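There are 2 protein chains.
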Amino acid sequence: MKTILPAAVLMAGALTVSAAIQSKTIEYQQGEATLEGVLVWDDAVSGPRPGVLVVHQWMGLTDYEKHRAEMLAQLGYVAFCADVYGKGVRPQNTAEAGAQAGKYKGDRALLRARVNAGLEVLRAQKMTDPKRVAAIGYCFGGTAVIELARSGAALSGVVSFHGGLDAPTPADDKNIKCPLLICHGADDPFNKPADVTALENSLRAAKVDWQLIKYGGAVHSFTQPMAGNDNSKGAAYNERADHRSWAAMRAFFDEVFK
Amino acid sequence: MKTILPAAVLMAGALTVSAAIQSKTIEYQQGEATLEGVLVWDDAVSGPRPGVLVVHQWMGLTDYEKHRAEMLAQLGYVAFCADVYGKGVRPQNTAEAGAQAGKYKGDRALLRARVNAGLEVLRAQKMTDPKRVAAIGYCFGGTAVIELARSGAALSGVVSFHGGLDAPTPADDKNIKCPLLICHGADDPFNKPADVTALENSLRAAKVDWQLIKYGGAVHSFTQPMAGNDNSKGAAYNERADHRSWAAMRAFFDEVFK
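Line order of the protein sequences matches chains D and E. Count along the first sequence starting at 1, add 10, and that's the number in this note's numbering. Count along the second sequence starting at 1, add 10, and that's the number in this note's numbering.
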């Protein structure tokens with residue numbers, strides 16, 4: 011792991027941000043791959059604080075994740091936007107996004123390794139309290155953070171927002187050591203009811219501490235304004251479910267970071 | 011509706027309560043039936059405030075509901091513990107409870123009338139803001155407050171805690187005008203998955219604003235310490251799910267009482 015941005019650039023960033031929210035790009039490695047994430051924090055907060063890993067949706071790390079990280083920093087957390095795909099690998103269209111997401115969904119071991127690499131970057135920051143680290147993810151990133159938990163990673167908790175829900179390796183659910191909060195659109199056409207039931211059964215059998223919230227009227231991508239407002243497309247923003255799921259995450263963090 | 015307690019008794023009550031939480035018994039009518047509920051409030055709060063109707067589980071109105079009402083009063087709400095069964099009708103065992111609950115579950119029109127009568131008592135209180143009134147219920151009371159919503163009652167919201175979930179009259183769901191929050195034990199053996207799915211489908215078809223939270227590892231009665239701790243009995247207390255569902259209710263009220 012190394013920090014790309016020189017101090018001068020970081021200072022310039024500090025000068026142009028009116029609030030106390032700061033960010034810097036961090037380059038790091040997983041195996042032979044070079045990844046590039048973004049750390050976001052509030053420099054008005056002193057000392058170690060809980061850390062939250064943010065895992066991107068299928069388009070890769072975008073301004074959307076950085077905005078969520080800023081929202082987390084405003085809550086007093088230090089957030090790190092992980093990069094699963096690799097430095098410079100930023101899909102430009104849904105075909106490219108599908109190819110990238112499919113690659114990692116089809117190789118869960120690689121997906122776990124990539125997300126764990128991001129977790130270690132976050133945990134290694136001086137401002138991070140290493141015993142209080144959680145992970146959240148959106149769509150593809152929701153699947154990714156559940157896989158992170160399945161890898162046995164030491165975490166305070168995991169939150170999936172409209173993640174792809176499945177249970178490809180039920181035996182691994184016994185490795186999950188932290189509470190899971192799964193925020194799910196009740197009308198999400200990309201998650202078959204049978205898949206959701208299979209996941210619930212797998213978590214139940216493994217005696218995992220889990221919660222699943224179904225938001226009526228919400229489809230896939232319900233936290234993402236860029237998804238538009240047409241539920242018939244299967245993915246659409248839903249302001250109500252967005253606000254409710256964020257509030258649920260906050261209450262969950264209040265509990266697990268105690 | 012009339013207040014049973016004379017002023018002297020009420021004053022005595024006020025003198026013996028160390029905090030500012032006050033309560034009084036209220037006798038009221040539904041048709042020919044006399045019902046007896048309990049109003050609870052914090053007299054350190056001035057002016058109209060949101061009201062919360064609390065509907066009891068199958069054993070009828072007990073200290074359990076009064077304690078929940080006190081917790082609500084401590085949050086600044088005025089709470090009224092409704093009485094569905096009737097003054098003096100307080101089951102002493104599960105056989106009696108089953109008979110009473112069965113009577114009203116089998117006559118949803120009567121159940122709606124009984125719960126609406128309690129709602130009107132709450133709404134008529136001077137300290138209640140009549141435009142901000144919600145209803146919560148436990149087990150049998152969870153079923154009851156969903157029926158209250160189906161009756162078309164003007165409410166800010168409804169919360170069911172381990173309520174019996176079914177959809178006996180799907181056509182009535184179009185009458186539901188308020189958001190529903192359904193807190194459900196994922197391992198509750200008294201709610202068949204098919205019944206839960208039928209309810210979800212009914213609410214979906216009626217375009218109701220609903221949320222359903224499944225708590226992993228929780229069975230029926232998860233908020234009730236008197237249910238014991240043996241999940242194998244199908245009803246048991248679950249501290250985690252109790253605290254989480256109460257936090258979810260609080261966030262829901264923060265939203266709907268705005």
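Here a beta-carbon is modelled for each residue, glycine too, at the ideal position from N, C-alpha and C. These figures come from a predicted structure and were not determined experimentally.
- For D/K243, no CB of chain E lies under 7 angstroms from its own CB, so it is not counted at the interface with that chain.
- The C-beta of E/L82 comes no closer than 7 angstroms to any C-beta of chain D.
- Along the region 227-266 of chain D, the beta strand (DSSP E) does not occur as any fully enclosed run of 3 or more residues.
- When the five nearest sequence neighbours on each side are left out, the beta carbons in the same chain lying within less than 8 angstroms of the beta carbon of D/V206 are those of L175, H194, L222, in order along the chain.
- Any Cβ of chain E closer than 7 angstroms to the Cβ of D/L213 would place that residue at the interface, and such an atom is present.
- The beta carbon of E/Y87 lies closer than 7 angstroms to those of R59, P60, G61, V62 in the same chain, with the five residues before and after it left out.
- When D/D182, D/K268, D/P199, D/A119 are compared, the shortest CA-CA separation from D/G167 is found for D/K268.
- Rounded to the nearest whole angstrom, the C-alpha separation of D/A257 and E/A43 is 42 angstroms.
- Under the Cβ criterion of 7 angstroms, E/I146 is not counted among the residues facing chain D.
- Only those residues of the region 199-223 of chain D whose C-beta falls short of 9 angstroms from the nearest C-beta of chain E are listed: P203, T207, E210, L213, R214, K217, V218, D219, W220, Q221, L222, I223.
- Counting C-beta pairs with one atom in each stretch, the region 64-82 of chain E and the region 101-117 of chain E have three or more that are closer than 8 angstroms, which means they touch.
- Sixteen is the threshold: since fewer than 16 other Cβ atoms of the shown chains lie within 10 Å of the Cβ of D/E249, the residue is exposed.
- Residues of chain E whose Cβ lies closer than 9 angstroms to the Cβ of D/R254 are, in chain order, Q221, A261, F262, E265.
- For D/D139, the secondary structure class from DSSP, reduced to helix, strand or coil, is strand.
- About 7 angstroms separates the beta carbons of D/R214 and E/G226, which is inside the 8 angstroms limit, making them a contact pair.
- Each residue's CA atom was taken as its position, placing D/E157 and D/I36 some 23 angstroms apart.
- Distance between D/H77 and E/T153, taken at the CA atoms: about 41 angstroms.
- In the structure shown, D/P60 falls within a strand segment according to DSSP collapsed to helix, strand and coil.
- For E/E46, the uninterrupted beta strand (DSSP E) run begins and ends at 43-52, by DSSP.
- Beta-carbon to beta-carbon, D/A246 and D/S231 are separated by about 7 angstroms, close enough to satisfy the 8 angstroms threshold.
- Bridge pairing for E/E106: absent [DSSP].
- Inclusion of E/T233 and E/F171 in the CB contact set at 7 angstroms is warranted, their separation being smaller than that value.
- When C-alpha distances from D/I192 are compared across D/R254, D/A54, D/G128, the shortest belongs to D/R254.
- When C-alpha distances from E/K224 are compared across D/V229, D/A228, D/A196, the shortest belongs to D/A196.
- E/V143 places its beta carbon 7 angstroms or farther from that of E/C91.
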